[in-house]
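Let me begin by presenting the structure, written as structure tokens, before commenting on it.
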Amino acid sequence: MSMNNLQWLKGTWKSISAQGIYPTINSFKYIETLSITQPKNKPYFNYLSNTINNEEIQQPMHCEYGFIRLLPNNSICLQLAHNFGVNTVEKGVLSDVVIFVLVVT
1 MSMNNLQWLK GTWKSISAQG IYPTINSFKY IETLSITQPK NKPYFNYLSN
51 TINNEEIQQP MHCEYGFIRL LPNNSICLQL AHNFGVNTVE KGVLSDVVIF
101 VLVVT
């Protein structure tokens, strides 16, 4: 596998409507914009996600910056830094059909 297998991810993706549901807070609605780009001649993608509360007020809520890169043995890694001080590394196995997330650290 190579980054060429993931070219379909590149672009800007925007949700129409999303809802957050957690057991400790009231549910909430939001709009998310996800941008995935590839720097020239680099073997990874840049990942940027921003959320706002709605189209009218557009109050920022959450953002994530990071990278998507391939690892040996058809593994894939998503590294993210969140605006509330948490960093995550998600690793999985890449196949021709689907990405399976195996570990979150």
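At position 29 of the sequence shown the residue is numbered 29 (full-length UniProt numbering), and the sequence of numbers has no breaks.
Positions of the beta carbon are idealized from the N, C-alpha and C atoms, including for glycine.
This one's a predicted model, so the numbers in the text were calculated from it and none came from an experiment.
Taking DSSP as the reference, what is the three-state secondary structure of residue i?
i, result
"N5", "helix"
"T24", "coil"
"I52", "strand"
"I76", "strand"
"I57", "coil"
"S17", "coil"
Over what stretch of residues does the beta strand (DSSP E) that includes residue i continue unbroken?
i, result
"K42", "No beta strand (DSSP E) contains K42, which DSSP labels as neither H nor E."
"F67", "60 to 71"
"V89", "87 to 94"
"K14", "11 to 14"
Rounded to a whole number of angstroms, what is the C-alpha to C-alpha distance between residue i and residue j?
i, j, result
"residue 152", "M61", "What the structure shows of the chain is the stretch from 1 to 105, and residue 152 is not part of that stretch, so it cannot be assessed."
"Q7", "F28", "32 Å"
"S95", "N74", "7 Å"
"N46", "Q79", "10 Å"
"N4", "G92", "18 Å"
So is residue i in contact with chain D if we call contact Cβ pairs under 8 Å?
i, result
"L94", "Within the model displayed, chain D is absent; a lone protein chain is all it includes."
Taking 8 Å as the threshold (C-beta atoms), are residue j and residue i in contact?
i, j, result
"R69", "P39", "no"
"Q59", "N50", "no"
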